[in-house]
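Engineer: Structure in structure tokens, see below.
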Amino acid sequence: MRKVKSINLMRRYGLPLLVLLLFAGFFFYCRSRVQTEFPVISPENGVADLRDIDFDSGVYHLENHWDYYPGILCTPEELASPDSPQKKQRCTDDDKLGTWRIVLLAEPDTYLSLCSFSVDYSTRIFVNGQEVRNIGFVSDDPDEAVPMIRYMTLPLYSGSDGRIEIVYQYANYIHNQGGFIQNTLISTPENIDEYQRGLSLWSLMLSSGLIFLAFYFLLGAAFQKSREFAALAFCCVVIAFRNQFFLGEHLIGAGYNFLLEYRFVVLDVSLIPVSALILIFAFFPKVFRGYRMIPIVFTAVFTVLVACHFIVGTKSLVLLCHICYYACVPFLLWSIYRFVRHYRKERIRAIDVITLAAIALLIVMLIYEGMNSGSNSSVNHFGVTPFTMVVCILILDIVINTRLTEQTTLLREIQQRNKLLGQVNEMNSDFLRTVAHELKTPLTVISGYAQLMNRQLEKGSLAENAPDRLKIIRQEADRLSEIVGQLMDYTYGKNRKTEMSEVNVSELFEIAGAVLKPVCAKRNNTLTFSGNSQCRVHGNSELLLQVLINLVVNANRHTENGTVSIDVQDCGEMAEFLVNDNGEGISPEIASHIFEKGFTTTDGRGLGLAICSDTVSLHGGTLSLRSTGPEGSSFCFTIPKEVKK
16 MRKVKSINLM
26 RRYGLPLLVL
36 LLFAGFFFYC
46 RSRVQTEFPV
56 ISPENGVADL
66 RDIDFDSGVY
76 HLENHWDYYP
86 GILCTPEELA
96 SPDSPQKKQR
106 CTDDDKLGTW
116 RIVLLAEPDT
126 YLSLCSFSVD
136 YSTRIFVNGQ
146 EVRNIGFVSD
156 DPDEAVPMIR
166 YMTLPLYSGS
176 DGRIEIVYQY
186 ANYIHNQGGF
196 IQNTLISTPE
206 NIDEYQRGLS
216 LWSLMLSSGL
226 IFLAFYFLLG
236 AAFQKSREFA
246 ALAFCCVVIA
256 FRNQFFLGEH
266 LIGAGYNFLL
276 EYRFVVLDVS
286 LIPVSALILI
296 FAFFPKVFRG
306 YRMIPIVFTA
316 VFTVLVACHF
326 IVGTKSLVLL
336 CHICYYACVP
346 FLLWSIYRFV
356 RHYRKERIRA
366 IDVITLAAIA
376 LLIVMLIYEG
386 MNSGSNSSVN
396 HFGVTPFTMV
406 VCILILDIVI
416 NTRLTEQTTL
426 LREIQQRNKL
436 LGQVNEMNSD
446 FLRTVAHELK
456 TPLTVISGYA
466 QLMNRQLEKG
476 SLAENAPDRL
486 KIIRQEADRL
496 SEIVGQLMDY
506 TYGKNRKTEM
516 SEVNVSELFE
526 IAGAVLKPVC
536 AKRNNTLTFS
546 GNSQCRVHGN
556 SELLLQVLIN
566 LVVNANRHTE
576 NGTVSIDVQD
586 CGEMAEFLVN
596 DNGEGISPEI
606 ASHIFEKGFT
616 TTDGRGLGLA
626 ICSDTVSLHG
636 GTLSLRSTGP
646 EGSSFCFTIP
656 KEVKK
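Going by the numbering used here, the first residue of the sequence shown is number 16, and it counts up by one from there.
Now the structure itself:
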């Protein structure tokens with residue numbers, strides 16, 4: 016039993032935990048292929064000296080301490096002229112366009128590569144005086160400017176003098192904040208290429224994996240009608256699109272409407288805290304039971320906010336995103352209040368603690384992301400929630416599987432209980448049918464004799480055997496009282512034992528004859544007794560009499576103007592009783608079912624022969640149909656002559 020329980024626990028918790036560890040290990044391995052910590056190169060006065068740096072050792076982070084020229088789009092020639100515009104320390108939110116410039120001092124004839132996201136929200140790039148890249152279209156006219164952001168790689172060559180000049184022009188008319196140099200990495204072309212392959216693999220695996228998980232959860236929600244699966248599917252889609260590298264490089268590609276994508280990206284970021292609340296509502300419906308209006312208000316509020324993302328101007332989208340985050344706060348606080356109230360009254364289970372921990376981890380990372388999105392370029396473009404979401408999803412998937420296992424086990428127990436209750440109900444029905452049948456036999460005898468004596472009284476004279484008939488009526492009434500007493504004992508939980516003793520067959524035949532001869536006479540049948548009636552058997556006289564009565568009543572029912580006989584033979588340790596009739600017989604199709612409870616071809620209950628068979632078995636004997644045909648039927652049952660050990 017302990018072994019089976021251990022196996023069940025291993026299936027319920029061990030296997031999902033193993034899958035979680037394998038997934039986490041695989042993700043960590045893929046993440047380890049992508050360099051995340053970079054040595055820093057800090058330019059001074061717009062110049063970065065790279066001559067003492069060994070780029071073969073890895074990728075470096077080039078800080079954005081570039082020369083900045085606000086409000087003007089300068090070419091390298093204009094910046095080199097004596098009348099070049101005045102530099103500024105940093106970009107501000109009021110700058111809708113501007114120029115960035117940096118000079119890299121490297122070893123002569125050195126090949127390097129630089130990679131980063133382009134400047135928000137359109138970029139024109141010059142390297143050593145040559146225009147090398149346009150992302151979107153940069154213009155000082157807002158109507159002509161075309162916004163776009165791409166992840167870019169710039170090949171660099173230092174030439175014979177070892178000097179590399181890089182100039183960025185940018186224009187930003189869609190966002191209140193923008194124009195900043197993004198997180199810039201520099202190294203050899205081989206190192207940058209390896210870094211980008213790792214970044215591409217990581218982004219593709221993480222986001223596409225989340226999308227595939229979303230389809231899996233959608234199927235689970237459809238087939239199992241699970242709100243938990245539906246919530247996880249929603250979260251997977253939201254977090255998958257959070258990675259702008261995946262969105263721009265793998266999913267959308269070139270030739271798209273950037274403004275529509277920009278609205279979609281902001282909407283996606285706005286929905287991340289909403290997805291966390293949806294998880295809470297989906298996984299803890301009991302906590303919020305009785306408060307149906309709150310989820311309705313929640314849905315209505317965020318439906319309006321989602322619609323506004325496609326209505327308001329692009330410069331208001333970030334503010335709208337902040338409103339979505341702030342709107343989640345009261346719902347989150349109310350949820351915490353409900354959790355405290357609920358689990359004060361109800362014991363919290365381990366599975367609930369795990370679920371809360373996973374969702375709390377996601378919420379903490381959301382807060383961290385919200386606090387660092389504006390100041391951290393990596394967080395802004397890649398987010399920190401995708402990997403956290405994968406871990407959260409794997410944990411919650413284990414939770415769902417555990418809950419489904421518990422529900423399946425509970426359902427199986429309920430089905431077994433219902434099956435048992437059905438069997439008990441059937442047993443009670445059988446018991447009541449048996450009791451009714453047992454009561455009917457003495458009542459039939461009493462009624463028959465009472466009617467016979469009533470007709471005699473109407474004629475004004477009683478037969479000579481009237482006292483014997485009254486005696487039989489009294490005996491049957493006593494037997495009826497005994498049956499009722501047994502029924503009352505059963506009702507009050509008293510299990511009365513069946514008393515066995517030595518039974519004289521001749522006395523049994525005498526009582527049976529007195530009871531059954533008038534019954535047979537109604538159909539002009541004659542009842543006869545034969546054989547060794549002086550033998551004695553071990554049993555209960557009342558039960559054996561009931562067997563004889565049932566068999567004779569059955570034989571009499573199928574015989575008219577004939578003979579029903581009871582014969583007993585001494586067969587060693589057993590006494591063999593035969594009840595024969597010369598009636599219509601039993602068809603072969605019916606003969607194989609006559610001992611089944613409830614089977615009948617008449618208006619009866621189909622219990623007489625079944626009760627007889629059970630009674631004979633109780634005595635240690637057997638009941639069978641020996642023969643049947645057009646000449647009649649013969650039933651045989653055996654009873655031990657002595658106590659069976």
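Ideal Cβ placement from N, Cα and C applies to all residues, glycine included.
Predicted model, so just to flag it, every value in this text is computed and none were measured.
Between Gly508 and the rest of its own chain, which residues show a CB-CB distance below 8 Å, the 5 nearest in sequence each way excluded?
Structural biologist: The residue given as residue 508 occupies position 493 in the sequence shown. Residue confidence for Gly508 is low, a pLDDT of 46 falling below 50, so the modelled location carries little weight; the figure read from the coordinates is stated next. Here the set comprises nothing.
Engineer: Answer yes if the region 216-229 comes into contact with the region 365-382, meaning at least three C-beta pairs across the two stretches below 8 Å, and no otherwise.
Structural biologist: no
Engineer: With H, G and I counted as helix, E and B as strand and the rest as coil, what does DSSP make of His357?
Structural biologist: For the purposes of this step, residue 357 is taken as the residue at position 342 of the sequence shown. If DSSP states are grouped into helix, strand and coil, His357 belongs with the helices.
Engineer: Of the residues Ser202, Phe227, Ser131, which one's Cα is nearest the Cα of Tyr183?
Structural biologist: Indexing the sequence shown from 1 puts residue 183 at position 168. Tyr183 has its Cα closest to that of Ser131, out of Ser202, Phe227, Ser131.
Engineer: From the DSSP secondary-structure annotation, give me the bridge partner or partners of Glu146.
Structural biologist: Indexing the sequence shown from 1 puts residue 146 at position 131. For Glu146, which the question treats as bridged, DSSP gives the partners Phe141.
Engineer: For Gln490 and Glu428, I'd like the C-alpha separation in whole angstroms.
Structural biologist: As a working mapping, residue 490 is identified with position 475 in the sequence shown. As a working mapping, residue 428 is identified with position 413 in the sequence shown. Answer to the nearest angstrom: the Cα atoms are 50 Å apart.
Engineer: Where Thr420 and Leu426 are concerned, what is the direct C-alpha to C-alpha distance, given to the nearest angstrom?
Structural biologist: Locating residue 420 in the sequence shown gives position 405, counting from the first residue. Locating residue 426 in the sequence shown gives position 411, counting from the first residue. Rounded to whole angstroms, Thr420 to Leu426 spans 10 Å at the Cα level.
Engineer: Are there 16 or more other CB atoms within 10 angstroms of the CB of Phe325, so buried, or fewer, so exposed?
Structural biologist: On the sequence shown, residue 325 is found 310 positions in, with the first residue counted as 1. By the beta-carbon neighbour count (other beta carbons within 10 angstroms, threshold 16), Phe325 is exposed.
Engineer: What's the C-alpha gap between Cys339 and Ser350?
Structural biologist: Translated into the one-based positions of the sequence shown, residue 339 becomes position 324. Translated into the one-based positions of the sequence shown, residue 350 becomes position 335. Spanning the two alpha carbons is a distance of roughly 17 Å.
Engineer: Hey, how far is the Cα of Arg307 from the Cα of Arg364?
Structural biologist: The sequence position of residue 307 within the sequence shown is 292, counting from 1. The sequence position of residue 364 within the sequence shown is 349, counting from 1. Straight-line Cα distance between these residues: approximately 24 Å.
Engineer: Do you know offhand how far Phe652's Cα is from Gln422's?
Structural biologist: Numbered from its first residue, the sequence shown carries residue 652 at position 637. Numbered from its first residue, the sequence shown carries residue 422 at position 407. Rounded to the nearest angstrom, the two C-alpha atoms are 51 Å apart.
Engineer: On the DSSP bridge list, what partners appear for Ile201?
Structural biologist: Taking the first residue of the sequence shown as position 1, residue 201 is located at position 186. The partner list for Ile201 (beta bridge, DSSP) reads Tyr75, Leu129.
Engineer: Relative to the C-alpha of Arg57, which residue among Gln259, Leu638, Asn187, Thr199 is closest?
Structural biologist: Locating residue 57 in the sequence shown gives position 42, where the first residue counts as 1. Here residue 57 turns out to be Ser, not Arg, going by the sequence shown. That would be Thr199, whose Cα lies nearest to the Cα of Ser57.
Engineer: Put Asp582 into one of helix, strand or coil per three-state DSSP.
Structural biologist: As a first step, residue 582 is located in the sequence shown; it is residue number 567 there, counting from the start. Assigned with DSSP and collapsed to three states, Asp582 falls in strand.
Engineer: With DSSP as the reference, please indicate the residues paired to Lys167 in a beta bridge.
Structural biologist: In the sequence shown, residue 167 corresponds to position 152, counting from 1. The amino acid occupying residue 167 in the given sequence is Met; Lys does not appear at that position. DSSP output for Met167 lists Ser131 as bridge partner(s).
Engineer: With 16 as the cutoff for other CB atoms within 10 Å, does Thr51 come out buried or exposed?
Structural biologist: Residue mapping note: residue 51 aligns to position 36 of the sequence shown, counting from 1. Per the 10 Å Cβ criterion, exposed.
Engineer: Kindly indicate the opening and closing residues of the alpha helix (DSSP H) around Cys89.
Structural biologist: One-based indexing of the sequence shown puts residue 89 at position 74. Counting along the chain, Cys89 falls outside any alpha helix (DSSP H), and DSSP gives it neither H nor E.
Engineer: The alpha helix (DSSP H) spanning Asn571 covers which residue range?
Structural biologist: Numbered from its first residue, the sequence shown carries residue 571 at position 556. That run of the alpha helix (DSSP H) goes 556-572.
Engineer: Using a threshold of 8 Å, state whether the C-beta atoms of Cys251 and Leu292 are closer than that.
Structural biologist: Start at 1 with the first residue of the sequence shown, and residue 251 comes out as number 236. Start at 1 with the first residue of the sequence shown, and residue 292 comes out as number 277. Against a cut-off of 8 Å, the Cβ pair of Leu292 and Cys251 comes out as no contact.
Engineer: Roughly how many angstroms separate the alpha carbons of Thr138 and Met163, rounded to a whole number?
Structural biologist: Walking along the sequence shown from the start, residue 138 turns up at place 123. Walking along the sequence shown from the start, residue 163 turns up at place 148. Rounded to whole angstroms, the gap between the alpha carbons of Thr138 and Met163 is 8 Å.
Engineer: Exposed or buried, what is Pro345 when buried is set at 16 or more other beta-carbons lying within 10 Å of its beta-carbon?
Structural biologist: The residue you call residue 345 lines up with position 330 of the sequence shown. With fewer than 16 Cβ atoms within 10 Å of its Cβ, Pro345 is classed as exposed.
Engineer: Taking its Cβ as the centre, do 16 or more other Cβ atoms sit within 10 Å of Asn272, making it buried, or is it exposed?
Structural biologist: For the purposes of this step, residue 272 is taken as the residue at position 257 of the sequence shown. The residue is exposed, with fewer than 16 neighbouring Cβ atoms inside 10 Å.
Engineer: Quick one: what does DSSP say Val518 is sitting in, helix, strand or coil?
Structural biologist: For this step, residue 518 is matched to residue 503 along the sequence shown. Strand.
Engineer: Measuring only the C-alpha atoms, how far is Glu209 from Pro170?
Structural biologist: In the sequence shown, the residue the question calls residue 209 occupies position 194. In the sequence shown, the residue the question calls residue 170 occupies position 155. Approximately 14 Å between the Cα atoms of the pair.
Engineer: Just to confirm, is the Cβ distance from Val153 to Ala186 under 8 Å?
Structural biologist: Against the sequence shown, residue 153 aligns to sequence position 138. Against the sequence shown, residue 186 aligns to sequence position 171. Taking 8 Å as the Cβ cut-off, Val153 and Ala186 qualify as a contacting pair.
Engineer: Using 8 Å for Cβ pairs, my map puts His640 next to Ser648. What's the rounded Cβ distance?
Structural biologist: Your numbering for residue 640 matches position 625 in the sequence shown. Your numbering for residue 648 matches position 633 in the sequence shown. This sequence places Leu at residue 640; His is not what is there. That pair is a contact at about 7 Å.
Engineer: Under a Cβ-count criterion, where at least 16 other Cβ atoms within 10 Å of its own Cβ denotes burial, should Lys656 be classed as buried or exposed?
Structural biologist: On the sequence shown, position 641 is the one that residue 656 refers to. The residue in question, Lys656, is buried, as its Cβ has 16 or more Cβ neighbours within 10 Å.
Engineer: Would you tell me roughly how many angstroms separate the C-alpha atoms of Phe650 and Leu593, rounded to the nearest one?
Structural biologist: Stepping through the sequence shown from its first residue, residue 650 is reached at position 635. Stepping through the sequence shown from its first residue, residue 593 is reached at position 578. If you take the alpha carbons of Phe650 and Leu593, they lie about 6 Å apart.
Engineer: Cys651 lies in the beta strand (DSSP E); which residues open and close that run?
Structural biologist: Counted from its first residue, the sequence shown places residue 651 at position 636. That run of the beta strand (DSSP E) goes 647-655.
Engineer: Let me know the secondary structure DSSP gives Phe592 once reduced to three states.
Structural biologist: For this step, residue 592 is matched to residue 577 along the sequence shown. Strand, per DSSP.
Engineer: Suppose the cutoff is 8 Å on Cβ atoms and the five residues either side in sequence are ignored; what does the same chain contact list for Asn597 look like?
Structural biologist: If you number the sequence shown from 1, residue 597 lands on position 582. These residues qualify, in order along the chain: Thr574, Gly577, Thr578, Glu646, Gly647.
Engineer: Can you grab the Cα-Cα spacing for the pair Ile413 / Asn440, in whole Å?
Structural biologist: What you label residue 413 is simply residue 398 of the sequence shown in a count that begins at 1. What you label residue 440 is simply residue 425 of the sequence shown in a count that begins at 1. Using only the alpha carbons, I get a separation of about 40 Å.
Engineer: Would the beta-carbon of Leu523 fall within 8 Å of that of Leu531?
Structural biologist: If you number the sequence shown from 1, residue 523 lands on position 508. If you number the sequence shown from 1, residue 531 lands on position 516. Not closer than 8 Å, so no.
Engineer: For Leu334, which residues from the same chain have a beta carbon less than 7 Å from its beta carbon, with the 5 sequence-adjacent residues on both sides left out?
Structural biologist: Translated into positions along the sequence shown, residue 334 becomes position 319. Nothing listed; no residue qualifies.
Engineer: Are the region 117-126 and the region 86-96 touching by the rule of at least three beta carbon pairs closer than 8 Å?
Structural biologist: Proximity of the region 117-126 to the region 86-96 falls short of the contact definition, fewer than three beta-carbon pairs being nearer than 8 Å.
Engineer: Bridge partners of Gly113, per DSSP?
Structural biologist: Translated into the one-based positions of the sequence shown, residue 113 becomes position 98. Its beta-bridge partners are Pro85, Tyr185.
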